[in-house]
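Going from the sequence shown to my numbering is simple: count from 1 and add 411. Backbone N, C-alpha and C fix where the C-beta goes; we use that ideal spot for every residue, glycine too. Note that the coordinates shown come from a computational prediction; the quantities given were computed from them, not determined experimentally. Here is the structure we will look at.
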Amino acid sequence: MLKQTFLRLALPTPLRRLFDYLPPQLLDVKALLPGMRVRVPFQSRTLVGVLMEVVSETSIPYEKLKTALEVLDERPVVMPDVFQLCQWAAAYYHYSLGEVLAGALPTLLRKGAAATFKPSVETPPVLSEEPVLCMNTPQQQAVAAICESQGHYQTFLLDGVTGSGKTEVYLRAMAAFLQAGQQVLVLVPEISLTPQTIARFQSRFPVVIAALHSSLTEKQRLQAWLKAREGEAKIVIGTRSAIFTPFANLGLIIVDEEHDGSFKQQDRFRYHARDLAIMRANALQLPVVLGSATPSLETLLNAERERYRYLALPERAGVAELPRFQVVDVGQTVVEEGLSDTLLQAISDHLAANNQVMLFLNRRGFSPVYYCTECAWIVECKRCDARMVYHKTPPRLQCHHCDARMQVPVKCGACHASAMQPVGLGTQRLEQVLARRFPDVPLIRVDRDSTRQKGALQDLLDQIHREPRAILLGTQMLAKGHHFPQVTLVGVLDADSGLFSADFRAAEQMGQLLLQVSGRAGRAEKPGVVFIQTRHPEHPLLQLLTGQGYQPFARKLLAERAHAWLPPYTYFAVFRAEAYSQSAADIFLTNIRALSRPYQSALSVLGPVPALLAKRKGLHCLNLLIKAKKRSHLQQFLGAVLPQLDKLPAAPAVKWVLDVDPVEV
Ligand code: ADP
Ligand code: ZN
Ligand code: ZN
412 MLKQTFLRLA
422 LPTPLRRLFD
432 YLPPQLLDVK
442 ALLPGMRVRV
452 PFQSRTLVGV
462 LMEVVSETSI
472 PYEKLKTALE
482 VLDERPVVMP
492 DVFQLCQWAA
502 AYYHYSLGEV
512 LAGALPTLLR
522 KGAAATFKPS
532 VETPPVLSEE
542 PVLCMNTPQQ
552 QAVAAICESQ
562 GHYQTFLLDG
572 VTGSGKTEVY
582 LRAMAAFLQA
592 GQQVLVLVPE
602 ISLTPQTIAR
612 FQSRFPVVIA
622 ALHSSLTEKQ
632 RLQAWLKARE
642 GEAKIVIGTR
652 SAIFTPFANL
662 GLIIVDEEHD
672 GSFKQQDRFR
682 YHARDLAIMR
692 ANALQLPVVL
702 GSATPSLETL
712 LNAERERYRY
722 LALPERAGVA
732 ELPRFQVVDV
742 GQTVVEEGLS
752 DTLLQAISDH
762 LAANNQVMLF
772 LNRRGFSPVY
782 YCTECAWIVE
792 CKRCDARMVY
802 HKTPPRLQCH
812 HCDARMQVPV
822 KCGACHASAM
832 QPVGLGTQRL
842 EQVLARRFPD
852 VPLIRVDRDS
862 TRQKGALQDL
872 LDQIHREPRA
882 ILLGTQMLAK
892 GHHFPQVTLV
902 GVLDADSGLF
912 SADFRAAEQM
922 GQLLLQVSGR
932 AGRAEKPGVV
942 FIQTRHPEHP
952 LLQLLTGQGY
962 QPFARKLLAE
972 RAHAWLPPYT
982 YFAVFRAEAY
992 SQSAADIFLT
1002 NIRALSRPYQ
1012 SALSVLGPVP
1022 ALLAKRKGLH
1032 CLNLLIKAKK
1042 RSHLQQFLGA
1052 VLPQLDKLPA
1062 APAVKWVLDV
1072 DPVEV
């Protein structure tokens, strides 16, 4: 009897299982390898899947088996280590392997295009030899430690205040790995992948650098991916999804600003690129460097437990000094449109000294509230549990959650009085206030609205580098990663939202943001000062942060987390359910809760409770939080319960996702 063979495939569908097909006619199955793409009929469509294995048995009845249409590759497009990473991630985050694998491929490959590599004709640029810096002792020690780990796994935490020369450490360490013929992967937060970042790496190394940024065309992205796979690109710089890039000979991974929230994907497949970087380094036996001025509490705890090796750069490199903090109490004084007299005076002084001032307000638009001065009616989004934000240029009301827009109403929707007014301060309004106060000073506003167009952020950054004296204002976009040597004064208009939030990570994020913002000040020869406006100057966390710095602040937060049994001392997963009827979502999550009963001793379950934003795009959003002292207990429960969920009676009415290690709860 002929031996029958079947192709076992991972297909890009949400179904968490593999699919068996008959091989295409006349195909030599001996030539097949896992990781090759196969095109197959699926329901009424065709899909491009990835071959897992060739098997000789299947549980599918013969008459139901379909025949695959074609095998698209002569060699695997998913290389063994990426394959392994995807399998691990699909299991850990409980996501469909087929979708994970598809997400790991450039769009063109996902659609079935050929993986044809076109070697570059361009020769890599010649080294410009900017002056070589003399590294300080901590920098030298850090570089030596990283280089010693060549060829085996080690996670490093490079903890260095802003401007302490972390990037210099990356560059020196990279030089050694490149010298040895290895490739380097550098992961950066979304906001940092600017032409300057790429140029800084390119000016050091006369090698091909593949930068995986959002303005690449699909063709360019595929070629960049192939350059890494073929070993032509020696350095790959990219945001979180670059963790899935294949390499011919990867030697080192760097995760810059490891605490940054953009490493966590917040929709569909909710992975954390930093954590995957560590898994990949472990599997490939190579070092990974996590760098930050404000490490996440997870990473700090791992360093404390000596799972990661701790490398510190305690001082600013060269002549730059760390900025001073000044806490401004705005509880008693009347603050005119967000700016206290103290801060206004400081702005005038710093401008008079021909310096730049940076003002930070984490609220875009003109005013967060549009309301009736007669009856206090407020315009709310019809589809979300949120207020419409007033935008002045162009005039409209806009929901920042679902992007719904409407014309600015003249009359109140409740009492019909012509008494509608914007209240509260957003970046657009701040810009207007400043324009009145400082009419002859250039104002440069950086937020999502002012940078929507391609190249707009770059233009604004260029302008910042051109103008000696200017006021820069913006949201957290302005806070991260950039180097603005002319800034000597930073003003944080409202530090309070982080101190009193329902989210347990809010204080950590506030601290990171304040230090990142302050890290923009006084990076060159000129010393900097940071004014923080608050209604709670006595708040112990704020005192600790501004008085003693990030380390003591983080230790205090860690102690609080330990006390309250919160991550990183425990492990979280959240089921997020959305439905048009609140009760459907509620019943669905309550059923999951019931399924957790056999695991009661190992887990605690909170909810269902409405999400922070209880209604979004017309859907009611509820969460069920699962908490465990051991990761393995959490994983066991999730593994057991997930296959049952689609059969729950409420399932058809509910859209749900699972978020393992959620960043927002
Ligand atoms: P970080 O990445 O920690 O913010 P950078 O590596 O960007 O810091 O360094 C900040 C500035 O200090 C840069 O202008 C860099 O050229 C300079 N720098 C770094 N190391 C040294 C050093 N050892 N001596 C003098 N200047 C240095
Ligand atoms: Zn009214
Ligand atoms: Zn909305």
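Near ligand 4: residue i beta-carbon under 7 Å from a heavy atom
i, result
"T478", "Of the ligands one can find in the structure shown, namely ligand 1, ligand 2 and ligand 3, none is ligand 4."
Whole-angstrom distance between residue j and residue i, CA atom to CA atom
i, j, result
"L910", "M921", "8 Å"
"P1060", "D997", "12 Å"
"G749", "V543", "45 Å"
"G960", "Q594", "36 Å"
"L1024", "R987", "12 Å"
"A515", "G571", "32 Å"
"L772", "T578", "27 Å"
"L925", "G446", "45 Å"
"T957", "T527", "54 Å"
"H505", "S912", "29 Å"
"L413", "A513", "With a pLDDT of 44 at L413, under the threshold of 50, the modelled position of this residue cannot be trusted; read the value that follows with caution. About 34 Å."
"G1016", "A1064", "For the sequence presented, residue 1016 should be read as Val rather than Gly. Distance between the alpha carbons of V1016 and A1064 is about 23 Å."
"D671", "P600", "6 Å"
"V618", "A688", "23 Å"
"R521", "A639", "18 Å"
"R679", "V493", "19 Å"
"T416", "K865", "51 Å"
"L770", "Q869", "19 Å"
"P517", "K630", "9 Å"
"A1022", "A764", "48 Å"
Residue nearest to residue i in terms of C-alpha spacing, selected from the options
i, options, result
"Y1010", "L1049, F983, P978, A622", "L1049"
"E540", "R774, P779, Q613", "Q613"
"A692", "L496, H812, L589", "L496"
"P1073", "H1044, R1042, F983", "F983"
"Y991", "L437, L889, W1067, T656", "W1067"
"A524", "V488, R840, F494", "V488"
"E485", "V511, E474, A1039, L438", "L438"
"R775", "K638, H811, M690, A635", "H811"
"L365", "A501, K441, Y473", "A query on residue 365 cannot be resolved here, the shown segment of the chain reaching from 412 to 1076 and no further."
"P530", "S575, A635, Q874, A688", "A635"
"F453", "E468, V465, Q607, L476", "L476"
"S467", "C545, L483, P434, S751", "P434"
"E668", "T650, I855, D914, L762", "T650"
"R718", "P423, L724, L701", "L701"
"R816", "R840, E791, V580", "E791"
"Y682", "W499, I1003, R1008", "W499"
Heavy atom of ligand 1 within 7 Å of residue i beta-carbon
i, result
"K1040", "no"
"S603", "no"
"N773", "no"
"K577", "yes"
"L701", "no"
"M546", "yes"
"Q550", "yes"
"G571", "yes"
"G574", "yes"
"A728", "yes"
Check: residue i C-beta below 7 Å from any heavy atom of ligand 2
i, result
"E785", "yes"
"W499", "no"
"A515", "no"
"W788", "yes"
"C826", "yes"
"A830", "yes"
"C823", "yes"
Residue i - partner residues in DSSP beta bridges
i, result
"L701", "L568, V666"
"W636", "None; W636 has no bridge partner."
"S1015", "K1038"
"E464", "R419"
"R1027", "L1030"
"S994", "Paired residues: none, contrary to the question."
"Q737", "F942"
"W1067", "A988"
"T478", "L433"
Minimum Cβ-Cβ distance from residue i to chain D less than 8 Å
i, result
"L708", "In the structure shown, chain D cannot be found, because there is only a single protein chain."
Query raised in the report: ligand 3: which residues have Cβ under 6 Å from any of its heavy atoms, chain order?
Result: C792, R794, C795, A797, C810, H812, C813, A815
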